[in-house]
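Structure, as structure tokens:
Protein chains: 2
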Amino acid sequence: MSFERIGGRTVWEGRIATVRVDQFRFDDGEEAEREIVEHPGSVAVVAFDGERLFLVRQPREPVNDPALLELPAGKLDEEGEDPLDTAKRELAEEIGKGARTWHRLTSFYTSPGFADEECHVYLATDLYDEPAEASENERIEIVEVPLAELDQVIQECRDAKTLVGLLWFQAYNA
Amino acid sequence: MSFERIGGRTVWEGRIATVRVDQFRFDDGEEAEREIVEHPGSVAVVAFDGERLFLVRQPREPVNDPALLELPAGKLDEEGEDPLDTAKRELAEEIGKGARTWHRLTSFYTSPGFADEECHVYLATDLYDEPAEASENERIEIVEVPLAELDQVIQECRDAKTLVGLLWFQAYNA
């Protein structure tokens, strides 16, 4: 089964997301309309210094949580930015660290039924301090998690990129 | 750090998603505007008969994939539907099965920076055939995965709910 996009229009354009309503034709001849939220894509980083993982707590207004526990993460600056560059920037800005070794764990769509956001998950090791790059965001609290508490943190965390990153790390890299 | 919503307006209303632009005030007095995509919430089901897992392949127009490999899943019919009811309905419709035993594995936000979608992931075991409930969707192909191939499928699959469900199952339930 395949399909082609036969039309569409932008119905709303914001700073982060753009919404389109597109028409598709399937190879059986049927046609369907889909609401699609366009997103530039995102990254998340499992930062591990051999003993500890570095997570962040921050308020997330869309889900009404004042302190969601997450991997350091962020949006691509623009469609086409190398996600590894995004990952390096976000790690420096959010936890004030650089990493000498980077390894892509996996990439996934956050909600492929209605959004095109793809999130790229990296493992960053051989960490070093890069405090000058840290941005002044008083709302982000850095949380250091000893490896022995990884399982406990997996039970607590509640967003896709953090669960995928930590479960993947636990299964294949820890 | 906490915040309160001090205003907002709906900027687009579709069948699946609604987009709001809301204003928030943080307890340090700062104010910020956020684009928020409202979604009714979703479920995904790890269906396991003791030997095999049941996945589906289907076209996903938003990410331009003609055959994404995913857990059986679906949207809540309306805000407030019991997600377990949604899970039972989707399992029957997509793979023609019922389950005598249901267990919630975890719940997560798909992309908490801009969307409020929460996905609830269930493990369904003690499966039985319920072919009468299967909906006529020629675009969904059922894929049976022997437990021995779980790891291989985790490497292949590319969406949040499927990765979270299968990694969680592998870590704690397999």
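Chains as they are written, first to last, in my numbering: chain A, 508 to 681; chain B, 508 to 681. The C-beta atom is built at its ideal place from N, Cα and C for all residues, glycine as well.
Item	Value
Under a CB-based cut-off of 8 Å, is A:Y635 close to chain B?	no
Within 8 Å of any Cβ in chain E, is that where the Cβ of A:A524 sits?	Annotation note: the requested chain E is absent from the structure, which comprises protein chains A and B.
Can you give, in chain order, each stretch of the beta strand (DSSP E) that sits fully within the segment 544 to 623 of chain B and has at least 3 residues?	549 to 554, 559 to 567, 572 to 577, 580 to 582, 604 to 616
Unbroken alpha helix (DSSP H) runs of length 4 or more, entirely within the segment 621 to 645 of chain B: which are they?	none
Closest to A:L583 by CA distance: which of A:H546, A:L612, A:Q530 is it?	A:H546
Quick one: Cα of B:V650 to Cα of B:L598, how far?	13 Å
Let me see if you follow: with CB-CB separation under 8 Å, is B:D529 close to chain A or not?	yes
So is B:H610 buried or exposed if we call it buried at 16+ other beta carbons inside 10 Å?	exposed
Could you tell me the alpha carbon to alpha carbon distance between A:Q530 and A:E542, rounded to whole angstroms?	9 Å
Taking 8 Å as the cut-off, decide whether the C-beta atoms of B:G672 and B:V553 are in contact.	yes
Can you tell me whether B:G672 is helix, strand or coil according to DSSP?	helix
Assuming B:F688 and A:P566 are in contact, meaning their beta carbons sit under 8 Å apart, how far apart are those beta carbons, in whole angstroms?	The question about residue 688 of chain B has no answer, for chain B in this structure spans 508 to 681.
Could you tell me how far apart the beta carbons of A:V544 and A:V528 are, in whole angstroms, since I believe they sit closer than 8 Å?	The pair is not a contact, with the Cβ atoms about 11 Å apart (cut-off 8 Å).
Does the segment 640 to 660 of chain B come within contact of the segment 513 to 526 of chain B, defined as at least 3 CB pairs closer than 8 Å?	no
So what does B:E656 bridge to, in DSSP terms?	B:E656 is not bridged to any residue.
Tell me whether B:A667 sits in a helix, a strand or coil according to DSSP, three-state version.	helix
Between B:I543 and chain A, is any beta-carbon pair separated by less than 8 Å?	yes
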